[in-house]
Amino acid sequence: MYFKKGEVRKIGIEVVSQLNQDFIIEAADFSIIKINGEIVENGIPTIEEHKILTLFAANEVGKFYCEFTYRIGPEILKAKIYVEVM
Numbered sequence: 000m001y002f003k004k005g006e007v008r009k010i011g012i013e014v015v016s017q018l019n020q021d022f023i024i025e026a027a028d029f030s031i032i033k034i035n036g037e038i039v040e041n042g043i044p045t046i047e048e049h050k051i052l053t054l055f056a057a058n059e060v061g062k063f064y065c066e067f068t069y070r071i072g073p074e075i076l077k078a079k080i081y082v083e084v085m
């Protein structure tokens with residue numbers, strides 16, 4: 000995803016069952032990490048059925064990852080979104 004400096008937008012993922020089974024996302028958290036590994040922010044995202052969402056504030060130019068960690072039953076899963084602020 001590409002942002003202009005100063006934008007604040009929702010980012011997130013939609014989780015889909017590969018086995019077409021119903022599921023509940025029980026909990027989730029996120030970290031926004033600079034490309035050099037420095038953690039900028041940690042928090043709790045919003046869970047809307049099978050979507051996990053948070054706001055990303057593009058306060059500085061650079062390359063970032065938003066890493067979501069979420070729990071479905073006994074499993075812990077992770078997903079990353081690449082974000083570049085220009």
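Each residue of the sequence shown is one higher than the one before, counting from 0 in numbering that gives the first Met the number 0. C-beta atoms are modelled at their ideal positions from N, C-alpha and C, and glycine is treated no differently. No experiment lies behind these values; they were computed from the predicted model shown.
Cutting at 8 Å between CB atoms, please list the residues of its own chain near residue i, excluding the five before and the five after it.
i     : result
Gly61 : Lys33, Ile34, Glu83 and Val84
I need the DSSP call for residue i, collapsed to helix, strand or coil.
i     : result
Asn41 : strand
Glu47 : strand
Lys3  : coil
Ile18 : Per the sequence shown, residue 18 should be read as Leu rather than Ile. The answer is coil: DSSP assigns Leu18 none of H, G, I, E or B.
Gly86 : Residue 86 lies beyond the stretch modelled for the chain, which goes from 0 to 85, so this question has no answer here.
Ile23 : coil
Ala57 : coil
Ile12 : strand
Please return the same chain residues whose Cβ sits closer than 6 Å to the Cβ of residue i, not counting the five positions on each side in sequence.
i     : result
Thr53 : Phe29 and Pro44
Glu25 : Arg70
Quick check on residue i: buried or exposed, where buried means 16 or more other Cβ atoms within 10 Å of its Cβ?
i     : result
Ile38 : exposed
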